[in-house]
Amino acid sequence: LKRVRKRHFQRARDTGVPIVGLTSYDQLSARIFDEAGVDFLLVGDSAGNVVYGYHSTVPVTVDELIPLTRAVASATKRAFVIADMPFGSYELSPEQALTTAFRFMKETGAHAVKLEGGVRSAEQIRRIVGAGIPVMAHIGFTPQSEHQIGGHVIQGRGDQEEALLADALAVEEAGAFSVVLEMIPSSAAKRVTEALTIPTISVGAGPHTSGQLMVWTDFAGFSGGRYPKFVKRYADLRGVLTDAVTAFRDDVASGAYPAAEHEYD
Ligand code: KIV
Ligand code: NA
Numbered sequence: 028l029k030r031v032r033k034r035h036f037q038r039a040r041d042t043g044v045p046i047v048g049l050t051s052y053d054q055l056s057a058r059i060f061d062e063a064g065v066d067f068l069l070v071g072d073s074a075g076n077v078v079y080g081y082h083s084t085v086p087v088t089v090d091e092l093i094p095l096t097r098a099v100a101s102a103t104k105r106a107f108v109i110a111d112m113p114f115g116s117y118e119l120s121p122e123q124a125l126t127t128a129f130r131f132m133k134e135t136g137a138h139a140v141k142l143e144g145g146v147r148s149a150e151q152i153r154r155i156v157g158a159g160i161p162v163m164a165h166i167g168f169t170p171q172s173e174h175q176i177g178g179h180v181i182q183g184r185g186d187q188e189e190a191l192l193a194d195a196l197a198v199e200e201a202g203a204f205s206v207v208l209e210m211i212p213s214s215a216a217k218r219v220t221e222a223l224t225i226p227t228i229s230v231g232a233g234p235h236t237s238g239q240l241m242v243w244t245d246f247a248g249f250s251g252g253r254y255p256k257f258v259k260r261y262a263d264l265r266g267v268l269t270d271a272v273t274a275f276r277d278d279v280a281s282g283a284y285p286a287a288e289h290e291y292d
């Protein structure tokens with residue numbers, strides 16, 4: 028079982044066989060996804076919503092993400108593990124970005140880091156890559172800028188397409204090994220993918236990319252509430268768990284649990 032490497036992302040770009048990723052925040056899900064052959068696991072700052080119950084990714088800190096990233100990295104044998112750099116941990120300067128990247132690499136066992144922003148983050152990417160750490164870039168809808176953007180708004184439409192392309196070219200030129208395209212029209216993702224030599228990873232950016240990534244609690248129907256249009260729900264974990272806990276509660280009330288087979292002599 029050989030570890031997925033940076034070169035396997037490039038192979039996906041060059042052969043057209045897409046690479047597949049999910050987010051993960053704990054060892055239970057990481058082990059299942061790793062054994063099922065998911066190529067890469069992102070310990071996303073979406074942990075802010077999913078794990079910590081915040082209303083956005085804005086409040087998430089490095090100290091909150093490090094233990095989750097360590098748990099995911101420790102649980103995998105094959106998957107390439109990417110640590111997401113949270114809001115406020117890299118924007119000040121390339122030095123701040125590298126200091127944060129060092130923390131994730133030294134304290135968690137992750138294989139790469141991810142940060143948001145195109146042109147505005149190029150110097151940060153260049154500095155981190157220069158120190159020997161692979162960087163996944165992230166452009167299009169960037170959740171850490173939600174309040175600047177004005178909500179969960181599709182990016183790269185119409186006039187915005189040129190700026191999106193400039194962001195993509197900037198992160199490639201800065202040395203990113205791949206770039207996430209989040210919530211953009213498929214036509215824009217196709218254009219960006221054709222313009223780049225590095226792989227593009229779609230999060231709601233359609234099929235014309237080198238790979239697909241989804242938040243695991245969304246793809247498994249565990250999140251609840253509203254799901255974005257691009258999410259395909261492959262399971263109803265919320266329904267399964269609700270049924271299970273309801274049955275447990277009823278069994279305890281009726282005396283059906285515990286039964287004789289659950290008792291010690
Ligand atoms: O934090 C996250 O889960 C992400 C992906 C959705 C790209 O950044
Ligand atoms: Na993120």
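Going by UniProt numbering, the sequence shown opens with residue 28, and the numbers climb by one from there. Note that CB positions come from ideal geometry on N, CA and C, so glycine has one too.
Fewer than three beta-carbon pairs drawn from the region 261 to 271 and the region 68 to 77 are found closer than 8 angstroms, and the two stretches are therefore not classed as touching. Between the region 135 to 145 and the region 41 to 49 there are fewer than three C-beta pairs closer than 8 angstroms, too few to call the two in contact. No heavy atom of the ligand NA is found nearer than 6 angstroms to the CB of residue 186. Under the Cβ criterion (8 angstroms, minimum of three pairs), the region 82 to 98 counts as touching the region 165 to 182. Secondary structure of residue 151 (DSSP, three-state): helix.
Judged by DSSP in its simplified three-state form, residue 165 adopts strand. A residue is called buried when at least 16 other Cβ atoms come within 10 angstroms of its Cβ; residue 250 meets this threshold and is buried. In this structure, the beta-carbon distance from residue 106 to residue 226 does not fall below 7 angstroms. Selection 62, 266, 184, 223 evaluated against residue 204 yields 223 as nearest (Cα-Cα). If you look at residue 209, you'll find it in the beta strand (DSSP E) that goes 205 to 209. Residue 122 and residue 201 have their C-alpha atoms some 15 angstroms from each other. One alpha carbon belongs to residue 51, the other to residue 142, and they sit about 17 angstroms apart. Short of 7 angstroms from the beta carbon of residue 66, and not among the five residues preceding or following it, lie these beta carbons of its own chain, in chain order: 31, 35, 46, 47, 48, 106, 107.
In the three-state DSSP reduction, residue 229 falls in the strand class (E or B). When only Cα atoms are considered, residue 266 and residue 112 end up about 32 angstroms apart.
One Cα belongs to residue 78, the other to residue 114, and the distance between them is close to 16 angstroms. The criterion of a C-beta distance shorter than 7 angstroms is not satisfied by residue 140 and residue 158.
No heavy atom of the ligand KIV is found nearer than 6 angstroms to the CB of residue 162. Residue 103 sits close to residue 61, with the two beta carbons spaced by under 7 angstroms.
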